[in-house]
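Read the structure below first, then the notes.
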Amino acid sequence: MKLIPYSRQTIDKNDINEVVKTLKSDFLTQGPKINLLEKKFKKIVNSNYCTAVNSATSALHVACIALGLKKGDYLWTVPNSFVSSSNCGLLVGAKVDFVDINFSTGNIDIQALERKLKNTPKKKLPKIIIPVHYGGLPPELDKIFVLSKKYNFKILEDASHAIGSSYRGNKIGNCKWSDITIFSLHPVKIITAGEGGIASTNNKALDKKMKMLRNHGITKEKKFFEKKNKYKWYFEQQFLGLNYRMTDISAALCISQLKKARSFVIKRNKIANLYKKLLDKKHLDLPESNKFSFSSFHLFVIRIKNKYSRERLFNFLRKKKILVNLHYIPIHLHPYYKRLGFKKGQFLQSEKHAERAISLHIFPSLKIKQVKLVSNYINYFLNKNEK
Ligand SMILES: *Cc1c(COP(=O)(O)O)cnc(C)c1O
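Each residue of the sequence shown is one higher than the last, beginning at 25 in the numbering used here.
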């Protein structure tokens with residue numbers, strides 16, 4: 025039997041044709057596809073502006089700089105995420121701290137957030153909070169927004185998992201309750217550019233800043249020049265930036281993928297519903313859903329009630345060539361973060377989650393037969409081992 029990964033890209037003939045067309049065109053980078061992608065993407069997420077970059081990690085980095093995060097500032101996020109969600113703060117010299125998750129959703133725990141804000145001295149309050157859409161399920165953005173007004177912090181949504189998700193009727197990315205939302209276009213995510221990321225915002229100045237940051241801090245637009253100049257070759261670097269540009273090859277792939285984003289999310293939801301029907305709930309917690317949220321189902325994460333069975337089930341499935349995974353090792357427990365002073369026991373819900381979670385495979389081309397096979401293996405294993 026072929027190996028089944030937890031997620032993978034879905035590429036069709038049109039995707040390939042679009043990439044080939046760009047390869048044969050005049051521009052492999054800095055051509056017309058980036059503008060076109062940004063125009064289409066902002067329509068899909070319903071925001072005023074979008075900036076495409078070469079990864080979600082880059083998007084988080086330029087977003088932090090654009091929001092003014094600096095040395096001496098604080099950034100808070102959740103431990104139950106990929107390391108990019110907090111590395112972006114460290115990269116600009118800020119200090120990072122975490123807020124624990126609500127075990128049932130895997131997302132930021134609003135009560136824990138409120139408590140932490142209340143108990144933090146004014147000088148150490150965060151400048152930015154990064155809520156993560158775990159597995160595609162939106163966190164309670166409206167409640168975080170209310171707190172942001174009271175405690176004066178910016179909200180940067182890490183929606184790497186959440187293209188196609190929505191919350192209280194708002195598409196994720198429309199930034200109704202945030203300053204910037206970022207998405208990932210890595211092949212395991214909802215749609216792909218090979219590598220890529222997008223930042224959406226409704227703030228014109230933030231968008232301009234991010235567009236310059238991805239290109240060395242350079243502007244070529246006459247209307248923005250600090251120095252009056254008549255020369256056609258003239259451009260200005262106005263602050264320190266990076267080369268985080270997306271190529272036109274990636275953008276061409278992503279534009280083609282965008283057409284299928286909706287159908288991909290529908291397929292992911294169908295698979296999730298099938299798992300929910302098939303899996304024996306006696307020994308498992310299944311992903312939470314609620315009437316306010318629509319999840320893209322980037323991940324389908326089960327939690328084994330008996331943590332001692334998790335590793336054995338994990339190994340059992342891997343032996344059957346079912347490449348289940350773990351999302352996530354809590355960020356604060358990585359050696360790098362431990363050296364910054366974080367300790368086991370600091371964020372108990374994230375740690376408990378990491379001891380019990382298994383990400384099952386879910387992606388648009390997954391066959392119903394495969395969902396049944398995996399569900400049967402899990403039910404068999406748990407009913408045999410858990411009495
Ligand atoms: C994948 C991911 C990222 C990083 O995305 P890249 O595009 O690979 O840089 C950041 N945050 C979360 C939550 C992710 O899942």
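The C-beta atom is built at its ideal place from N, Cα and C for all residues, glycine as well. If you're wondering where the values come from, they're calculated on a predicted model, not measured in any experiment.
Query: Here's the rule: buried if 16 or more other CB atoms are within 10 angstroms of the residue's CB, otherwise exposed. What is residue 386?; Result: buried
Query: I'd like the ranges of any alpha helix (DSSP H) spanning at least 4 consecutive residues and lying wholly in the region 322-354.; Result: 331-343
Query: On a CA-only basis, which of 342, 69, 306 is nearest residue 26? Give me that one, please.; Result: 342
Query: Who are the near neighbours of residue 160 in its chain, counting only those whose CB is closer than 6 Å to its CB and skipping five residues on each side?; Result: 185, 186, 189, 319, 320, 321, 322
Query: Please name the residue, chosen from 120, 154, 262, 240, that lies closest to residue 248 on a Cα-to-Cα basis.; Result: 262
Query: Measuring only the C-alpha atoms, how far is residue 58 from residue 133?; Result: 37 Å
Query: If you draw a straight line from the alpha carbon of residue 54 to that of residue 244, how long is it in whole angstroms?; Result: 12 Å
Query: I need the DSSP call for residue 260, collapsed to helix, strand or coil.; Result: strand
Query: Given the structure, does residue 185 come close to ligand 1, in the sense that its CB is under 8 Å from one of the ligand's heavy atoms?; Result: yes
Query: Could you check which residue in 199, 362, 289 has the C-alpha nearest to that of residue 69?; Result: 199
Query: Only counting the same chain, and skipping five residues up and downstream in sequence, which positions put a Cβ closer than 7 Å to that of residue 288?; Result: 34, 214, 215, 388
Query: Kindly examine ligand 1 and report whether one of its heavy atoms sits closer than 8 Å to the Cβ of residue 210.; Result: yes
Query: Taking its Cβ as the centre, do 16 or more other Cβ atoms sit within 10 Å of residue 223, making it buried, or is it exposed?; Result: buried
Query: From the DSSP output, read off the bridge partner residues of residue 221.; Result: 77, 208
Query: If we ignore side chains and look at the alpha-carbon of each, how far apart do residue 266 and residue 108 end up?; Result: 17 Å
Query: Would you grab the beta carbon distance between residue 168 and residue 99 for me? Rounded to a whole angstrom, and I think it's under 8 Å.; Result: At roughly 14 Å, the Cβ-Cβ gap does not stay under 8 Å, so residue 168 and residue 99 are not in contact.
Query: Is residue 220 near ligand 1, going by C-beta to nearest heavy atom under 8 Å?; Result: yes
Query: Using the C-alpha atoms, what's the distance from residue 31 back to residue 300?; Result: 18 Å
Query: What separation, rounded to the nearest whole angstrom, lies between the Cα atoms of residue 16 and residue 136?; Result: No answer is possible for residue 16: it lies beyond the span of the chain, which begins at 25 and ends at 411.
Query: Tell me, please, which residues DSSP counts as bridged to residue 121.; Result: 100
Query: Which first and last residues belong to the beta strand (DSSP E) in which residue 178 is found?; Result: 178-182
Query: Can you tell which of 205, 221, 196 has the C-alpha that lies nearest to the C-alpha of residue 178?; Result: 205
Query: Please report the distance separating the alpha-carbon of residue 147 from that of residue 171.; Result: 17 Å
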